[in-house]
Amino acid sequence: MSLKLEEQWAELIALLLLVIGFITAILLHNPFFNYLTAFIGGFLSARLYYFKSHKQPLLPLILITVGFLLGYLIGTIWASRFVTFVFFALGFASSHYLLKRKIIGIFKSEQYLYK
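According to our numbering, the sequence shown is numbered sequentially starting from 34.
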């Protein structure tokens, strides 16, 4: 079994982020920080989704996001997994809404640079 990096890069990154999400969740003992990290993770995932949604295939990005979320939820011991998932979804939804309505700008856009 050989690893074909050109074909399996999304699976490799998803596995790496699964491990990173697991370790991050294990190290956070306070439920508040666990929920905050899940919200921030959802917020950043929505930014990536928004930027890549019209330019590239979405399946690798979805696989990578689900890998991180799954690892994070598996590692969540001191907080509720359901509430952690809800905070991730709220972060994703709020970031996507703010980007779609152009309330928060994109760094490389001309309007962002010349306000």
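Backbone N, C-alpha and C fix where the C-beta goes; we use that ideal spot for every residue, glycine too. Note that the coordinates shown come from a computational prediction; the quantities given were computed from them, not determined experimentally.
- In the assembly as shown, L81 is an exposed residue. Its beta-carbon has fewer than 16 other beta-carbons within 10 Å.
- Assignment of R134 by DSSP, reduced to helix, strand and coil, places it in the coil class.
- The C-beta of I97 has 16 or more other C-beta atoms within 10 Å across all chains shown, which makes the residue buried.
- In this chain, the alpha helix (DSSP H) harbouring A47 covers 38-60.
- Each of T109, F121, S35, K37 was checked against the Cα of H62, and the nearest Cα belongs to T109.
- In this structure, L94 places its C-beta atom within 7 Å of the C-beta atom of K85.
- Spatial neighbours of Y105 in its own chain (CB-CB distance under 6 Å, excluding positions within 5 residues in sequence) are listed in chain order as G54, A58.
- Around the C-beta of F121, 16 or more other C-beta atoms lie within 10 Å, and the residue is accordingly described as buried.
- For the pair A79 and F125, the CB atoms are nearer than the 7 Å cut-off.
- Per DSSP, reduced to three states, the secondary structure at N63 is coil, with no helix or strand assignment.
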